[in-house]
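Novice: Numbering (our numbering), first residue to last: 763 to 1447. Please read through the structure below; I'll follow up with questions.
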Amino acid sequence: MGEYEKAIQDCNEALQLDPEDIIPYLNRSSAYNGLGEYEKAIQDCTKAIRLDPRYKKIYVNRSEAYNSLGKHELAIQDCNEAIRLDAQYAMAYCHRGNANNSLGKFVEAIRDYDKAIQLDPEYKEAYSNRGNAHNSLGEYELAVQDCNEAIRLDPQFADAYTNRSSAYNSLGEYKKAVQDCNEAIRLDPKHAETYHIRGNAYNSLGEYKKAMQDCNEAIRLDPKSAKAYYIRGNVYNSLGEYKKAVQDYNEAIHLDLQNAEVYYNRGNALNNLGEYEKAIQDYDEAVRLDSRDVQIYNDRGNAYQKIGEFSKAIQSYEQAIQLDPQYAEAYNNRGNTFSWLGAYEKAINDYNEAIRLDPQYTEAYNNRGYAYHKLGEHSKAWLDFQHILGTSDNEGLIETAKQQIAELANKLNSSYTQVLAMPFHDISSIADLSGRQLTIACPQSYAGWLNTALAKYGINLNEITVVDISPENYSHQLESGKVDAILVYYHPDSTITRLVSDGIVRIYQWTDASVREVASMFPGETVVAYLPANTYEGQSESILGYAPTEGIPEPAPAPTPPQEPVPVEPQKIQHHIRPGAAIGRSVTYTKFLEAGDEIGAFVQLYEPSPRGSDYSYYFYVKVIDEKGEVVKSWQKDWERDNTLEFSLTVSTAGEYTIKVTHHSNYAKRLYMELSPPGWGFIESG
């Protein structure tokens, strides 16, 4: 016999002796609440109130039962009556806070918890539950602080560990969330919520087997836990088991989990199953529940595209663009729809905009290359597919690009790649031609550096002939017709000047265009693309990853007045971030830094459309070292200040990560300027 059962038995015996004694009813109602038999608890409290309507604790016990049954307004009425009987009764404020929390009235809930703590500064439940309310508002750091205080007051308080784990999940600190859940389960192994919170953390960590086990246990302990079915559905989605995911989302909705994300995720699962009409119905419902999430419109457009409803697809993409004009994915997908319709010029316009908004969007380059190919603009198509080979790590895109390049090679003039010219720092262009026997012309003094630079791209000098084009030798080598590429530096009084004055080559000033673009302008001719000396330092380092310093002569003074060195521009980044009020959405960039390097950052978060009334006001920025430790973090209330500017000097060499997380019911645009430049995009989620 358990503790609660024994208490009920004792109360039964007491009531047999004195049926008018309210204390056994009070104690038995507490035991029934502990066993989850809430209707019986309410019956006992109601009998006790009839015996003595002035006993405040009975109202609090009945409010707990009402709240557990989802009858939150009745719970608030009972707490109000307890407070009327005793305005200094901390427990009544705490339980009213619980009811407000359940109704989504988080500000009111925090106000009640504040009052309870004011009356009883050691009220651990009030701290823990206030932390839960802060968590629901997206105030995750405050949630952690409250749970810390609850644990300080009682290190054996399981609920405080559970609530803190939920906050850690929202902050993306999944390992800490798992640790807290482990402790909570050790203290209370029958609390279903702790298992599905840990399951969510394991899912985010990619430990799907453990996530599944936790969700199953949560459902075993509480078969009516809608959140447990929802999270298990997410796990099935992660595993690609979409039919099982749909079943779990169905159960979550049946159990009254009515939010946009469950419909959106079920729509995605149905989309992956090819049930596009059903997916569209779910996206429609998700839009009804949250009309500001641009991702829903975008994915609904994709589903319309799959069933050939191209006009509706375009309309859906346009709704996404109207909500967020900076949303590159919607432009790309609308471009795909135009491409399906054969409107390649319109498609290219959309791809151009997608690439302008997100220069790292390799899928847009692939799609634009296809559209150019269809229009017969083969050289432009070739450039887009070559860009993918140099920037993408997506094996599918790379393989497609190789196939397209092979097909285009037969349509392009065979001299196209043989006349390529480059400034010496753009050695990566040679990698594009590594399948051929090449002859490169350069001053002989560059040969040592050239060998090092080529090795960076896996090219051995034995595969390439290097000929000398020093001033006394250049004419013979060029006129021989054997030179495929010219490697030059800015020598205004020597090599380049004489090549141009003798009419042997064209001259093209290096700006933002790549060598391949220069060559495509003058097919069949030898073209020298040169980099002006005053812009050499910063650009060469950003392109190569290091500045060549050995074996290269200093340039002669330029025939122009001295200029101030051009400062290195910070890396400018824009991202669309999906809504994520409950779990948070992040963008992560990483870069290797040496000890003593200084990170400079400007971060701005803004919304593409007006905010709803239930908006969350916080976003977080973290700098994390390669061990996963947070070096420094910031929490911003963006309604008061939507920007963060900081500088931070790192003490040890290693990979450093900048992570920006927002917790909002609505999509956001992120703009960042990072220095030094060269930060690599890792993930968005």
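Every residue, glycine too, gets a C-beta built ideally from N, C-alpha and C. The model shown is predicted, which means the values in this text are computed figures rather than measured ones.
Could you tell me whether the Cβ of C841 comes closer than 9 Å to any Cβ of chain B?
Specialist: Among the protein chains of the structure shown there is no chain B, as only one such chain exists.
Novice: Buried or exposed: which applies to K971, given that a residue is buried once 16 or more other Cβ atoms fall within 10 Å of its Cβ?
Specialist: By one-based count along the sequence shown, residue 971 stands at place 209. Result: exposed.
Novice: Name the two residues that bound the continuous alpha helix (DSSP H) containing K989.
Specialist: Within the sequence shown, the letter at position 227 stands for residue 989. Segment A988 to L1001, the alpha helix (DSSP H) holding K989.
Novice: Mind checking W1144: buried by the 16 CB within 10 Å criterion, or exposed?
Specialist: Reading the sequence shown from its first residue, position 382 is the one you call residue 1144. Buried, since its Cβ has 16 or more Cβ neighbours within 10 Å.
Novice: Buried or exposed for S792, going by 16 or more other Cβ atoms inside 10 Å?
Specialist: One-based indexing of the sequence shown puts residue 792 at position 30. Per the 10 Å Cβ criterion, buried.
Novice: So, helix, strand or coil for H1149, using DSSP?
Specialist: Here residue 1149 corresponds to residue number 387 of the sequence shown, with the count starting at 1. The answer is helix: DSSP assigns H1149 an H, G or I state.
Novice: Grab me the residues of A1007's own chain with a C-beta within less than 7 Å of its C-beta, minus the 5 sequence neighbours each way, in chain order.
Specialist: Along the sequence shown, one-based indexing puts residue 1007 at 245. Excluding residues within five positions, the ones whose Cβ falls inside 7 Å are G995, Y998, N999 and A1031.
Novice: With R812 as the anchor, note down where its alpha helix (DSSP H) starts and where it stops.
Specialist: If you number the sequence shown from 1, residue 812 lands on position 50. Counting along the chain, the alpha helix (DSSP H) containing R812 begins and ends at Y800 to L813.
Novice: Tell me whether K1394, by its Cβ, gets closer than 8 Å to a heavy atom of the ligand FAD.
Specialist: This structure lacks the ligand FAD; in fact it carries no ligand of any kind.
Novice: Look up Q918 in the DSSP assignment and say whether it is helix, strand or coil.
Specialist: Reading the sequence shown from its first residue, position 156 is the one you call residue 918. Of the three classes helix, strand and coil, the one that applies to Q918 here is coil, per DSSP.
Novice: Please state whether the Cβ-Cβ distance between D1044 and R1054 is less than 9 Å.
Specialist: For this step, residue 1044 is matched to residue 282 along the sequence shown. For this step, residue 1054 is matched to residue 292 along the sequence shown. R1054 is positioned such that its CB atom lies no closer than 9 Å to that of D1044.
Novice: Would S1437 pass as a contact of A1357 if the rule is Cβ separation under 9 Å?
Specialist: One-based indexing of the sequence shown puts residue 1437 at position 675. One-based indexing of the sequence shown puts residue 1357 at position 595. In this structure, A1357 does not lie closer than 9 Å to S1437 by Cβ.
Novice: Could you tell me which residues DSSP puts in a beta bridge with E1360?
Specialist: Here the question's residue 1360 lines up with position 598 in the sequence shown. DSSP lists T1411 as partners of E1360.
Novice: Could you tell me which residues DSSP pairs with W1396 in its beta bridges?
Specialist: Here the question's residue 1396 lines up with position 634 in the sequence shown. DSSP output for W1396 lists V1383 as bridge partner(s).
Novice: Using CA coordinates, which residue listed in D921, V1393 and R1347 is at the minimum distance from I1361?
Specialist: Position 599 of the sequence shown holds residue 1361. Nearest of D921, V1393 and R1347 to I1361, Cα basis: V1393.
Novice: Could you give the first and the last residue of the continuous beta strand (DSSP E) run that contains E835?
Specialist: The sequence position of residue 835 within the sequence shown is 73, counting from 1. Run containing E835: none in the beta strand (DSSP E); it sits in the alpha helix (DSSP H), H834 to L847.
Novice: Return yes when the Cβ of I838 is within less than 9 Å of the Cβ of S825, no when it is not.
Specialist: Numbered from its first residue, the sequence shown carries residue 825 at position 63. Numbered from its first residue, the sequence shown carries residue 838 at position 76. In this structure, I838 lies closer than 9 Å to S825 by Cβ.
Novice: Among the residues of its own chain, which have a CB less than 6 Å from the CB of Y930, if the five just before and after it don't count?
Specialist: Start at 1 with the first residue of the sequence shown, and residue 930 comes out as number 168. Closer than 6 Å at Cβ, skipping near neighbours: K938 and A939.
Novice: Roughly how many angstroms lie between the CA atoms of Q1333 and T1423, to the nearest whole one?
Specialist: Walking along the sequence shown from the start, residue 1333 turns up at place 571. Walking along the sequence shown from the start, residue 1423 turns up at place 661. Answer to the nearest angstrom: the Cα atoms are 19 Å apart.
Novice: Just to confirm, are G893 and R914 a CB contact at a threshold of 9 Å?
Specialist: As a first step, residue 893 is located in the sequence shown; it is residue number 131 there, counting from the start. As a first step, residue 914 is located in the sequence shown; it is residue number 152 there, counting from the start. Against a cut-off of 9 Å, the Cβ pair of R914 and G893 comes out as no contact.
Novice: Give the range of the alpha helix (DSSP H) segment to which H896 is assigned.
Specialist: Looking up residue 896 in the sequence shown gives position 134. Per DSSP, H896 belongs to the alpha helix (DSSP H) from K886 to S898.
Novice: When we look at the beta-carbon of G721 and count the other beta-carbons within 10 Å, is it buried (16 or more) or exposed?
Specialist: Past the edges of the chain, shown from 763 to 1447, lies residue 721, and the structure says nothing about it.
Novice: What would DSSP say about Y851, mapped onto helix, strand or coil?
Specialist: Locating residue 851 in the sequence shown gives position 89, where the first residue counts as 1. Reduced to three states, the DSSP call for Y851 is coil.
Novice: As a quick exercise: from T1099, Y766 and T924, pick the residue whose alpha carbon is nearest that of A954.
Specialist: Counting from 1 along the sequence shown, the entry for residue 954 is found at position 192. It is T924.
Novice: Between the Cα of S1078 and those of Y800, Y1066 and A878, spot the shortest distance and give me the residue it belongs to.
Specialist: Stepping through the sequence shown from its first residue, residue 1078 is reached at position 316. Among Y800, Y1066 and A878, the Cα nearest to that of S1078 is on Y1066.
Novice: Classify N774 as buried or exposed, calling it buried when 16 or more other Cβ atoms lie within 10 Å of its own Cβ.
Specialist: Here the question's residue 774 lines up with position 12 in the sequence shown. Looking at its Cβ environment, which holds fewer than 16 other Cβ atoms inside 10 Å, N774 is exposed.
Novice: Nearest CA to the CA of D840: which residue from A827, V822 and C856?
Specialist: As a working note, residue 840 is residue 78 in the sequence shown. Looking at the Cα atoms, V822 is the closest of the given residues.
Novice: Report yes if the CB atom of R1096 is closer than 9 Å to the CB atom of D1112, and no otherwise.
Specialist: Stepping through the sequence shown from its first residue, residue 1096 is reached at position 334. Stepping through the sequence shown from its first residue, residue 1112 is reached at position 350. Yes. Within cutoff.
Novice: Measuring straight from C-alpha to C-alpha, what distance separates G1416 and L1017?
Specialist: To locate residue 1416, count along the sequence shown from 1; it is residue 654. To locate residue 1017, count along the sequence shown from 1; it is residue 255. Approximately 48 Å, taken between the alpha carbons.
Novice: Is the CB-CB distance between Y1059 and L1019 below 9 Å?
Specialist: Numbered from 1 along the sequence shown, position 297 holds the residue referred to as residue 1059. Numbered from 1 along the sequence shown, position 257 holds the residue referred to as residue 1019. Not closer than 9 Å, so no.
Novice: Which of the three DSSP states, helix, strand or coil, is assigned to Y1418?
Specialist: Taking the first residue of the sequence shown as position 1, residue 1418 is located at position 656. Here Y1418 sits in strand by DSSP.
Novice: Taking the alpha-carbon positions, what's the E1139 to E1003 distance?
Specialist: Position 377 of the sequence shown, counted from the first residue, corresponds to residue 1139. Position 241 of the sequence shown, counted from the first residue, corresponds to residue 1003. Taking the CA atoms as reference points, E1139 sits about 42 Å from E1003.
Novice: Three-state secondary structure (DSSP) at S928?
Specialist: Start at 1 with the first residue of the sequence shown, and residue 928 comes out as number 166. S928 falls in the helix class under three-state DSSP.
Novice: How far does the beta strand (DSSP E) with Y1059 in it reach, from first residue to last?
Specialist: In the sequence shown, residue 1059 corresponds to position 297, counting from 1. Taken as a continuous stretch (DSSP letters only), Y1059 belongs to no beta strand (DSSP E), being part of the alpha helix (DSSP H) at V1056 to K1068.
Novice: Go through its chain and collect everything with a Cβ distance to D1387's Cβ below 7 Å, but skip five positions before and after it.
Specialist: Along the sequence shown, read from residue 1 onward, the residue named residue 1387 stands at position 625. These residues qualify, in order along the chain: V1393, G1416 and Y1418.
Novice: Would you give the residue range spanned by the alpha helix (DSSP H) that L797 belongs to?
Specialist: In the sequence shown, residue 797 corresponds to position 35, counting from 1. Start and end: I784 to L797.
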